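A.B. asks: Let me begin by handing over the structure; questions about it come next.
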Amino acid sequence: DQSGMAYSVGTTLDRFIKLKQSDFPFASGELSQLLRDIALAAKIVNRETNRAGLANIGGAFGQTNVQGEEQQKLDVIANIRFMRALSKGGEVCAIVSEEEDAVVDLQNNSGKYVVAIDPLDGSSNIDVNISIGTIFSIYRRKTPIGSPIQQEDIMQPGSEQVAAGYVLYGSSTMLVYTTGFGVNGFTYETSLGEFFLSHPQIQAPTSGTIYSINEGLEKDWQDGIKSYVDQCKENRFAARYIGSLVADFHRNLLKGGIYLYPATKKNPTGKLRLLYEANALAFIAEQAGAKASDGKRRILDIVPESLHQRTPLLIGSAELVDEAMHHIQLAK
Ligand code: AHM
Ligand code: MG
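Residues 9 to 340 (UniProt numbering) make up the sequence shown, in order.
This is how it looks when you write it as structure tokens:
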């Protein structure tokens, strides 16, 4: 990192992105522009989120998305906002979204980047005023610029991400992202309409005393998870589960802890989606010194086979993830 002297707590996101452009000596600034586009859409979604109760735009929309889950109105709105920001910017050729069955080919063959996004995760929490999030991954396309997009541009393992981030719409709204040179967090100042650097170079604690899992599903967990959770209890860990992945992940990243969504009877390959949920958080985790695994493999090494593929996810403080994996291994 050459630009360490040039920014400090309080630097605006725009300025930070500009300063950080020197991390990519041969880049033309398109990735920087793409990050700005995402930040702008995040501000708009933040506004809609804050108004959700008032404007009566929360609540079921009566449609189902590709996973057959109930789609809330605000998910639809967030999807539209991010789609618009990503397609207008000109840097992106294709988008994978939780809210779209198929790849959205923007017919912009000069776009260098592919984006995978969950525009509004934790949507069951919208109606009850609990934190929700946006999760995004950015890839460089594999096929030459100017040619039509291909499968290989889309189905890249997480290790190929050039940037990833999340927005947490919580008690404050935050944008946390990485371009592979550490993780930085920005807090939104509503009255100024700006994100300011508040969490420079986030380092996750190597261990911790928080575990986050949907314990109601204990009877359906894959082997090894119960014995690990029992150990957490032996050690008097705190149980904390919001049911919004971004919020649970963010807390554990800062405080030290582990989030687990294992394979269950209902979801034999886990619930969370590899392309637009697990990969981005795995990249951020590793950049902050934490870890992400599916129980056997590093999340970032998984080569996707389908767009909406699910994966078990163990993510958080490195020592805790190692220990959970150990229990899974022993259970075999
Ligand atoms: P969604 O993409 O339909 O919002 O589902 C993802 C969410 C995560 O945010 C959260 O961690 C998880 O589902 C909670 O699942 P469960 O209610 O089964 O515990
Ligand atoms: Mg989701």
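For each residue, glycine too, the CB sits at the ideal point set by N, CA and C.
From a predicted model like this one, the values you see are computed outputs, not experimental measurements.
Where V123 and S145 are concerned, what is the direct C-alpha to C-alpha distance, given to the nearest angstrom?
C.D. replies: For V123 and S145, the distance between alpha carbons rounds to 6 Å.
A.B. asks: Going along the chain, which residues of its own chain have a beta-carbon closer than 6 Å to the beta-carbon of P213, five neighbours each way excluded?
C.D. replies: So the qualifying residues of the chain are G264 and S325.
A.B. asks: Any idea what DSSP makes of T142, helix, strand or coil?
C.D. replies: The answer is strand: DSSP assigns T142 an E or B state.
A.B. asks: Pull up the distance between the alpha-carbon of L289 and that of I143, whole angstroms please.
C.D. replies: Whole-angstrom Cα-Cα distance: 8 Å.
A.B. asks: Near V136, what residues of its chain come up, given a Cβ to Cβ distance below 8 Å and the 5 sequence neighbours on each side ignored?
C.D. replies: Counting only Cβ-Cβ distances below 8 Å, and skipping sequence neighbours, we find nothing.
A.B. asks: In this structure, how does DSSP classify D161 when only helix, strand and coil are distinguished?
C.D. replies: Three-state DSSP puts D161 in a helix.
A.B. asks: Please report the Cβ distance between N87 and P127, rounded to the nearest whole angstrom; I am assuming they are in contact, meaning their Cβ atoms lie under 8 Å.
C.D. replies: That belief holds up - the Cβ atoms of N87 and P127 are roughly 4 Å apart, short of 8 Å.
A.B. asks: Please state whether the Cβ-Cβ distance between L315 and V104 is less than 7 Å.
C.D. replies: Their beta carbons are under 7 Å apart, which means L315 touches V104 by this criterion.
A.B. asks: By DSSP, does R89 sit in helix, in strand, or in coil?
C.D. replies: Reduced to three states, the DSSP call for R89 is helix.
A.B. asks: Between G130 and the ligand AHM, is there a pair consisting of the residue's CB and a ligand heavy atom that are separated by less than 6 Å?
C.D. replies: Because some heavy atom of the ligand AHM lies under 6 Å away, the Cβ of G130 counts as near it: yes.
A.B. asks: Would you kindly work out how many angstroms separate the C-alpha atoms of A50 and K234, rounded to a whole number?
C.D. replies: The alpha-carbon atoms of A50 and K234 are separated by roughly 37 Å.
A.B. asks: Leaving out five residues on either side along the sequence, give the residues of the same chain with a beta carbon under 7 Å from the beta carbon of I25.
C.D. replies: These residues qualify, in order along the chain: S40, L43 and R44.
A.B. asks: Using alpha carbons as the reference points, say which of L308, E313, P312 and K299 lies closest to L322.
C.D. replies: Considering only alpha carbons, the answer is K299.
A.B. asks: Is S118 near L308, with beta carbons less than 7 Å apart?
C.D. replies: For S118 and L308, no; Cβs fall outside 7 Å.
A.B. asks: For the region 163-241, list the beta strand (DSSP E) runs that are entirely contained and at least 3 residues long, ordered along the chain.
C.D. replies: The qualifying runs are 169-177, 181-186, 191-197, 202-207 and 218-220.
A.B. asks: Is DSSP giving K28 helix, strand or coil here?
C.D. replies: Here K28 sits in helix by DSSP.
A.B. asks: Let me check you understand the geometry: is the CB of residue 8 closer than 6 Å to at least one non-hydrogen atom of the ligand AHM?
C.D. replies: Here the chain comprises residues numbered 9 to 340, so residue 8 is not present and cannot be evaluated.
A.B. asks: DSSP state of V17, grouped into three classes?
C.D. replies: In the structure shown, V17 sits in coil (DSSP, three-state: anything other than H, G, I, E or B).
A.B. asks: DSSP beta-bridge partners for T319?
C.D. replies: Answer is L280.
A.B. asks: For E327, which residues of its own chain have a beta-carbon under 7 Å away from its beta-carbon, when the five flanking residues on both sides are left out?
C.D. replies: The residues are T214 and S215.
A.B. asks: Does any heavy atom of the ligand MG sit closer than 6 Å to the C-beta of D126?
C.D. replies: The answer is yes for D126.
A.B. asks: For Y236 and chain C, any beta-carbon pair shorter than 7 Å?
C.D. replies: Here there is only one protein chain, and chain C is not present.
A.B. asks: Which of the three DSSP states, helix, strand or coil, is assigned to L114?
C.D. replies: Correct three-state label for L114: coil.
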